[in-house]
Amino acid sequence: MFEDDNITCTPKRYVLTEVTNSSSYVSPTANLKLLTNVALHYPTPPPSAVHRKEKSLQILCDRFLDLYPLHRNGTVEIQLDITAARLGVEKRRMYDIINILEAMQCAVHKKKNTYLWHGGSRLNSFLKMLKKQGEALRLSDALRGRAPKPPAPKHKTLGVLAQRFLMLFLVEPPNTLINLEMAVRVLIDTSNKNKTNLSPEQQDRQHKSKVRRLYDIANVFISIGLIEKVSGNLILKKPVFKYVGSFKMKKAAEVLVTPSPITPVSWLDERRPSSSLISTGRSKRKLEFTTPSASRELKLGITTPPHTPSHKWDEILLVADMELTRINNGVVL
DNA sequence: GGATCCCGCCACTAT
DNA sequence: ATAGTGGCGGGATCC
47 MFEDDNITCT
57 PKRYVLTEVT
67 NSSSYVSPTA
77 NLKLLTNVAL
87 HYPTPPPSAV
97 HRKEKSLQIL
107 CDRFLDLYPL
117 HRNGTVEIQL
127 DITAARLGVE
137 KRRMYDIINI
147 LEAMQCAVHK
157 KKNTYLWHGG
167 SRLNSFLKML
177 KKQGEALRLS
187 DALRGRAPKP
197 PAPKHKTLGV
207 LAQRFLMLFL
217 VEPPNTLINL
227 EMAVRVLIDT
237 SNKNKTNLSP
247 EQQDRQHKSK
257 VRRLYDIANV
267 FISIGLIEKV
277 SGNLILKKPV
287 FKYVGSFKMK
297 KAAEVLVTPS
307 PITPVSWLDE
317 RRPSSSLIST
327 GRSKRKLEFT
337 TPSASRELKL
347 GITTPPHTPS
357 HKWDEILLVA
367 DMELTRINNG
377 VVL
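Have a look at this one:
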């Protein structure tokens, strides 16, 4: 297994004999246990001291990406249990993150407890493919109730949901605002294939459950830097998200101490799509809460149409339009 | 109070 | 049978 020596908080690697002062042979299992033990002793905030927000999936993903950056040449193996120990979280949480990252082709499941980390090297081309898929599924029309919802996939729910959620942004014009309610409505299948009609209560629970999942997914996407949360618009109470499409580079330390609210979006920001590659990221990491445009690092090369000077009211109206569509159709769900 | 979403139970799958 | 995964929703916390 490889480790990143450039990471400031990377624990020093120990050979078992260094720790045990023993030269006798120990099994790999014992070695693994020891490593986990060492990792557990690494400075992580005591559970009682950390607040809920600091334990969010977004922050956790930030810290994960500090260990395994998106910009990195080559591949590296990830041991889930050790990584969980280093991050001071339950292994269950690692699945939440790695499943989404795997769905973004940043990692592949190699064997049990082991993933191969590719970082963002494949993300660029994968997003292009996602966009094509989204177009084939007619998601843009589906958003407006002008096309059927895409058929529900069977497996890897969280990963597929993540992919389809992202597709919504990719098929829409730049700066389109999407909220989770809208997304769920499109992405959830009400065309039950097994003919078992759900009661309104069941539908409601299913809907809420999917929204919960989208919150998780959105947090990971924010961490990756694919989307941004846009809060404080006057029409909708709920936050909406917009596609940013670049890796957000920030330091773990700054993430932890920055209490700022979500960056307000500069509506009139200029977005010139460039098709630079994402591969060579020898870039310095940036502060998190600079300006949104300054936080953009490398475009992912999605072929967005030449940006029509979008006005914020256009965007708001689009959201409002979609909300209206929802209300109109919402009676039936 | 509603929005957000952490947490861990437990069912399912792989070994 | 045991271990690894991950769906899922209760309910704590935030706003």
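In the working numbering, the protein residues as written are 47 to 379.
Don't be surprised by glycine CBs; every beta carbon is placed ideally from N, CA and C.
Computed from a predicted structure; not experimentally measured.
Looking at the unbroken beta strand (DSSP E) that takes in residue i, where does it start and where does it end?
{"i": "His97", "result": "Careful: His97 lies outside any beta strand (DSSP E) and carries neither H nor E."}
{"i": "His155", "result": "153-157"}
{"i": "Tyr136", "result": "Sequence check: residue 136 is Glu here, not Tyr. Neither: Glu136 is in no beta strand (DSSP E) and is coded neither H nor E."}
{"i": "Tyr114", "result": "First-last for Tyr114: undefined, no H or E at that position."}
{"i": "Leu173", "result": "Leu173 -> not in any beta strand (DSSP E); alpha helix (DSSP H) instead, spanning 169-182."}
{"i": "Leu244", "result": "From DSSP, Leu244 is part of no beta strand (DSSP E); its letter is neither H nor E."}
{"i": "Thr160", "result": "160-163"}
{"i": "Ile124", "result": "122-125"}
By Cβ distance, which residues of its chain are closer than 7 Å to residue i, with the 5 residues on each side in sequence left out?
{"i": "Ile268", "result": "Gln104, Glu274, Lys275"}
{"i": "Lys32", "result": "Nothing can be reported for residue 32, as the shown portion of the chain is limited to 47 through 379."}
{"i": "Leu106", "result": "Leu133, Val135, Arg139, Ile143"}
{"i": "Arg184", "result": "Ala193"}
{"i": "Ser186", "result": "Val217, Glu218"}
{"i": "Thr121", "result": "Leu162, Trp163, His164"}
Spatial neighbours of residue i within its chain, please: CB distance less than 6 Å, with the 5 preceding and 5 following residues excluded, ordered by chain position.
{"i": "Tyr289", "result": "Phe215, Ile273"}
{"i": "Leu233", "result": "Arg210"}
{"i": "Ala188", "result": "Lys195, Val232"}
{"i": "Leu323", "result": "The predicted position of Leu323 is uncertain, since its pLDDT is 22 and thus under 50; no value can be drawn from it."}
{"i": "Lys256", "result": "Val230, Ile234"}
{"i": "Phe110", "result": "Ile143"}
{"i": "Pro199", "result": "Val206"}
Within the same chain, show all residues whose beta-carbon is closer than 8 Å to that of residue i, passing over the 5 residues directly before and after it, in chain order.
{"i": "Ser102", "result": "Asn265"}
{"i": "Leu126", "result": "Lys137, Met140, Tyr141, Ile144, Asn159, Thr160, Tyr161"}
{"i": "Lys30", "result": "Absent from the model: residue 30. The displayed extent of the chain is 47 to 379, so no value can be given."}
{"i": "Leu427", "result": "In the structure displayed, the chain extends from 47 to 379; residue 427 sits before or after that span and is not available."}
{"i": "Pro74", "result": "Residue confidence is low: Pro74 scores 47 on pLDDT, short of 50, so the model does not pin down where it sits. Its coordinate-derived value is still stated next. So no residue of the chain qualifies."}
{"i": "Arg259", "result": "Thr203, Leu204, Leu207"}
{"i": "Ala130", "result": "Glu136, Lys137, Arg139, Met140"}
{"i": "Ile263", "result": "Ile146, Leu204, Leu207, Ala208, Phe211"}
{"i": "Glu148", "result": "Val154, His155, Tyr161, Gly205"}
What first and last residue would you give for the alpha helix (DSSP H) that runs through residue i?
{"i": "Thr203", "result": "203-217"}
{"i": "Met150", "result": "Unbroken run through Met150: none, as it is neither H nor E."}
{"i": "Ala14", "result": "No answer is possible for residue 14: it lies beyond the span of the chain, which begins at 47 and ends at 379."}
{"i": "Ala188", "result": "185-189"}
Name, in chain order, the residues that DSSP records as bridge partners for residue i.
{"i": "Val286", "result": "Val276"}
{"i": "Leu223", "result": "Lys288"}
Should the segment 174-192 be called in touch with the segment 215-222, which here means at least 3 C-beta pairs below 8 Å? Contact between the segment 174-192 and the segment 215-222 is present, because at least three Cβ pairs lie under 8 Å.
Please confirm if the segment 142-154 is in contact with the segment 102-117, defined as three or more CB-CB distances below 8 Å between the two stretches. Because the criterion of three Cβ pairs below 8 Å is met, the segment 142-154 and the segment 102-117 touch.
Residue ranges of each alpha helix (DSSP H) run of no fewer than 4 residues wholly in the segment 246-270, ordered along the chain? Counting only runs of 4 or more residues that sit fully inside the segment 246-270, the alpha helix (DSSP H) segments are 246-270, in chain order.
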